[in-house]
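Novice: For any residue, its number in the working numbering is found by taking its place in the sequence shown, counting from 1, and adding 36.
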Amino acid sequence: MGTDVYVERDETTIDQQQTIINLRAQIAIYEQILDSIPDLILYKGPGSHIRYANRAFREYYGMDSQQLQDLIDADFNQPSYTEQYIRDDAQVFQTGQALVIDSEPVTRHTGEVHLFATTKHPIRNHDGSIIGTVGISRDLSNEVAASAALTDNEARLQRIIENVPGMVYQFLLEPDHTMRFPFVSTGSRDIYGLEPEAIMQNASIVTEAVNPADRLRFQEAIMTSAQTLEPWRWEGRVYINGQENWLQGASRPTKLANGAILWDGLLLNITQQKQAEALLGRFDTILSSTPDLVAIADLSGQMQYLNPAARRLLQLEPTDQVSQLTWHDLHPNQAEQTWLAKTLQHAQIHGSWMGEHQLQTAQGQKLPVMYQMLCHYDIDHQPSFFSMIAHDISDQKQAEAERQRLHEEVIRTQQQALIELSTPLIPIADTVVLLPLVGSVDTARAQQFMETLLEGVHINKAQIAIVDVTGVPVMDTQVAGLLIRAATSVQLLGARVIITGIRPELAQTLVTLGVDFRSIMTHSSLQQGITYAINATRGQQMNVRYRGN
């Protein structure tokens, strides 16, 4: 049995370094194991060149690893022996089958010749191609000692197998298609919840545990591997104690002399990996569907990820590669890059930065966004990479601008209304207009008063304009001068001004100020002024006794 092997990519440099350390430690353990074996173990590459020899071989030849590297054979060995070794290696390469040599002579570096029982096996890479041979030679002169050593080595190998995180097994397919497991490690307890003996006694347990939806693919993979002798790899779901788990396996087949096929393999429980992949897929779905821009970059600013919304908002072409973009492409000018440097520094120190800013799209447009820059740290609390979340606030900015425009328009309208209310022009007859003046008069209001009065006289073709000052609390030189200028200006338009509402205290103030109103008609009350104006426009003569009242 077997399955596709997926190697999960480490997410941090620390994880990768730890993996390398672990692999080196495992290699060192394997070398120690091989060096503890008294048999001569020799690994050769193409052309019978030596690639590796265990301690027993090195001591037998009296040479170290460096001296043996790429050597075909030692000079002290008989040439005929060497030629036979080369022929045997070539046979293994050509047939792809193990070669068992019951007895062959090998010369020791001291000149002694011992007979060895040797087995040579082909070594294949991941795609099944033969890349070398491994030969194991046992000194027949010390068979008893070798047997004891072999037993010890088997025990060591068994202990190693028992510590493998999965189920190590041998699966045998007989010529009549009978299936059985000659060997199952105790890892079966974790993989299937079963003792090894239960699986070895009933191989169908394994098939029956496979999810029905995956079972046909499971069986077809076995048949394909049996027919092609290619490695068997499989990944699928099984039911263990009513719970669905994911298994991943890999095994390599060997065809035996009787036509049976034997697979040596390993099964792993990858349920947690699948759950992590599913969770990662959900995160990817969320990031792909969010309307906000999400980006990830390394510490140099090189982009590593952009979600679809980011590509859309930045106006990227489908052919644009994420790896070709940097933070600086989004902030191209010097001022923007200065801001970016400060922002990244702030994020490194405080973990994040948030605020409004703008990005430049690939088409050169400015995109206003609510910007959040995050700094992510490794296990040593050192900055590792940056991420950015940016929300497009273009609509919000446009709405704010529209609100500001409307607000300013309202203010202008209100100001105009207030102006009109402060100096209202009231037509009271066909040729008579009334302009009451109420409250204090400043320069701006005086100007508005003059404009309203003159425009009203002109538009209404008025002959008389009544200016009522009843509501003016204080009569000073500014107000008096305004009234005189108004009367003079109105006269230039062919009309005349009547001032009404001059109270006794106002009259006294005007006299004190030396203001001369003799050229301007006045009435003490608005009613008298209106009566006079209406009668005057009808051509009636006013009695002199009303004047000055």
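Ideal Cβ positions, reconstructed from N, Cα and C, are used throughout, including at glycine.
What do you reckon, are the CB atoms on Ser526 and Leu490 nearer than 9 Å?
Specialist: This sequence places Val at residue 526; Ser is not what is there. Contact flag set, yes.
Novice: Any beta carbon of chain D sitting closer than 9 Å to that of Leu329?
Specialist: Looking for chain D here will not work: only one protein chain is present.
Novice: Can you name the start and end residues of the beta strand (DSSP E) that Arg574 belongs to?
Specialist: That residue, Arg574, is in no beta strand (DSSP E); it is neither H nor E in DSSP.
Novice: According to the neighbour-count rule (16 or more other Cβ atoms, all chains shown, within 10 Å of its Cβ), is Gln54 buried or exposed?
Specialist: With fewer than 16 Cβ atoms within 10 Å of its Cβ, Gln54 is classed as exposed.
Novice: Cβ atoms of Ala333 and Trp623: under 9 Å apart, would you say?
Specialist: With the chain running from 37 to 585 in the structure shown, residue 623 is simply not present.
Novice: Compare the Cα-Cα distances from Met424 to each of Asp328, Thr397 and Ala92 and report the closest residue.
Specialist: Checking every option, the nearest Cα to that of Met424 belongs to Asp328.
Novice: Which of helix, strand or coil does DSSP assign to Gln338?
Specialist: Of the three classes helix, strand and coil, the one that applies to Gln338 here is strand, per DSSP.
Novice: DSSP on Lys433, reduced to helix/strand/coil?
Specialist: The answer is helix: DSSP assigns Lys433 an H, G or I state.
Novice: Does the beta-carbon distance from Phe152 to Arg123 come in below 9 Å?
Specialist: Going by C-beta atoms, Phe152 is not nearer than 9 Å to Arg123.
Novice: In whole angstroms, what is the alpha-carbon distance linking Glu148 and Leu193?
Specialist: In a straight line, the C-alpha of Glu148 is about 32 Å away from that of Leu193.
Novice: Glu394 bridges to which residues according to DSSP?
Specialist: Checking the sequence shown, residue 394 turns out to be Gln, not Glu. Answer is Pro404, bridged to Gln394.
Novice: What would DSSP say about Gly565, mapped onto helix, strand or coil?
Specialist: Correct three-state label for Gly565: helix.
Novice: CB Tyr97 to CB Leu104, shorter than 9 Å?
Specialist: Cβ atoms of Tyr97 and Leu104: closer than 9 Å.
Novice: Under a three-way DSSP split, which group does Asn305 fall into?
Specialist: Correct three-state label for Asn305: strand.
Novice: Using only the alpha-carbon positions, how far apart do Leu454 and Ala480 sit?
Specialist: Interpretation of Leu454 is limited by its pLDDT of 47, a score under 50 that renders its predicted location unreliable; no figure is taken from the coordinates.
Novice: Who are the Cβ neighbours of Lys402 in its own chain at under 8 Å, not counting the five residues just before and after it?
Specialist: Within the same chain, Lys402 has close Cβ partners Gln394, Leu395 and Gln396.
Novice: For Gln284, I'd like the list of residues in its chain whose CB is within less than 6 Å of its CB, leaving aside the five on either flank, ordered along the chain.
Specialist: Counting only Cβ-Cβ distances below 6 Å, and skipping sequence neighbours, we find Thr39, Glu271, Leu304 and Ile306.
Novice: Runs of 3 residues minimum, wholly inside the segment 212 to 237: which ones carry the beta strand (DSSP E) assignment?
Specialist: Fully enclosed beta strand (DSSP E) runs of 3 or longer: 215 to 220.
Novice: Give the range of the beta strand (DSSP E) segment to which Met511 is assigned.
Specialist: Unbroken run through Met511: none, as it is neither H nor E.
Novice: Do Val274 and Glu280 have their CB atoms nearer than 9 Å?
Specialist: Yes, these two residues count as a Cβ contact at 9 Å.
Novice: Could you check the C-alpha separation between Arg521 and Glu372 for me, to the nearest Å?
Specialist: If I take the Cα positions, the gap works out to 59 Å.
Novice: Hey, quick one: how far does the alpha helix (DSSP H) through Gln120 stretch, first residue to last?
Specialist: Run containing Gln120: Pro115 to Thr131, per the alpha helix (DSSP H) assignment.
Novice: Rank Ser139, Thr154, Gln133 and Gln206 by C-alpha distance to the C-alpha of Arg160 and give the top, closest one.
Specialist: Comparing Cα positions, the closest option is Gln133.
Novice: Could I get the ranges of all uninterrupted beta strand (DSSP E) runs contained in the segment 134 to 218, with 3 residues as the minimum, in chain order?
Specialist: DSSP runs (the beta strand (DSSP E)) wholly in the segment 134 to 218: 135 to 143, 149 to 160, 166 to 175 and 203 to 209.
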